[in-house]
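Worksheet: the structure to be examined is printed underneath.
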Amino acid sequence: NAGVTQTPKFQVLKTGQSMTLQCAQDMNHEYMSWYRQDPGMGLRLIHYSVGAGITDQGEVPNGYNVSRSTTEDFPLRLLSAAPSQTSVYFCASSYSLTPAYNYGYTFGSGTRLTVV
Amino acid sequence: SQQGEEDPQALSIQEGENATMNCSYKTSINNLQWYRQNSGRGLVHLILIRSNEREKHSGRLRVTLDTSKKSSSLLITASRAADTASYFCATDRGSTLGRLYFGRGTQLTVWP
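Taken in order, these protein sequences are the chains called L and G. Under our numbering, the first residue of the first sequence is numbered 616, with each subsequent residue one higher. Under our numbering, the first residue of the second sequence is numbered 1400, with each subsequent residue one higher.
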């Protein structure tokens, strides 16, 4: 099925460990982004990419790295996990950012991360 | 910082009633979007309204946009129990660089 696939769905990390959250889309979307969702906070943008090889920081980038080597994949790396990174992480993609051709974002089902 | 701010934070209604949620924002925009999130799930795009549009319909959804007041409303007519979810508005703050900013959402509960 077409869409945005995130793995894993659940993860528990110890403080200081590193890991990579995977995100893949098969819709040939140029734009991809990572958000975190915390209770009562809505979604906050971590990093985003407007195409392969191009990434930029969002609102809360500290502690996270991204790269975009292909159109399909946009992994998010936690460098040294901290309890403050306990959250639900969502990946999203969009066909176009051009206002006339922006039809909204497709979200993955999320990764629930707990750092102990 | 949050761009869109939804109001009310929580809304509880009976099936068959209409539900209205409001969103206010602070900057110019290219478009405003509404999303639904069922408990424990990802966000689902509902509707996008461009800055030069004033009203848009999609099924039982009606969205209005008032750029002079920097506000939008989402109306769900004839609500169903299945409409129970959190609803978020999001804007691009006038940028095409890829940033989409979300509010904290309205939790809608529709009782059978």
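Every residue, glycine too, gets a C-beta built ideally from N, C-alpha and C. This one's a predicted model, so the numbers in the text were calculated from it and none came from an experiment.
Asked, Found
"Cross-chain neighbours of L/Asn717 in chain G, by beta carbon under 9 Å", "Asn1429, Asn1430, Gln1432, Leu1447, Arg1449, Asp1491, Thr1495"
"Own chain partners of L/Gly719 with C-beta closer than 8 Å, once the 5 adjacent residues on each side are dropped", "Ser709"
"Strand pairing of G/Thr1449, partner residues [DSSP]", "Per the sequence presented here, residue 1449 of chain G reads as Arg, with Thr not at that position. Paired residues: G/Asn1430."
"Buried versus exposed, by CB contacts within 10 Å (16 or more), G/Ala1480", "exposed"
"Among L/Thr620, L/Val619, L/Gly618, L/Ser633, the one whose alpha carbon lies nearest that of L/Thr729", "L/Ser633"
"L/Met647 vs L/Ser664 beta-carbon contact at 8 Å", "yes"
"CA-to-CA distance, G/Trp1510 to L/Pro693, given in whole angstroms", "A quick correction: the sequence has Leu, not Pro, at residue 693 of chain L. Roughly 41 Å between the two C-alpha positions."
"Segment contact, 8 Å Cβ cut-off, at least three pairs: the region 620-627 of chain L with the region 666-684 of chain L", "no"
"C-beta neighbour in chain L for G/Phe1501, strict 8 Å", "yes"
"Closer than 7 Å at the beta carbon, the chain G residues around L/Met656", "Arg1503"
"Proximal residues to G/Lys1469 (C-beta, below 7 Å), its chain only, five neighbours per side dropped", "Ser1423, Tyr1424, Lys1425"
"Residue range of the beta strand (DSSP E) that includes G/Thr1508", "1505-1510"
"Three-state class that DSSP yields for L/Ala697 in the structure shown", "coil"
"Any chain G beta carbon closer than 8 Å to L/Tyr720", "yes"
"Buried or exposed by the 16-neighbour rule on C-beta atoms within 10 Å, applied to G/His1456", "exposed"
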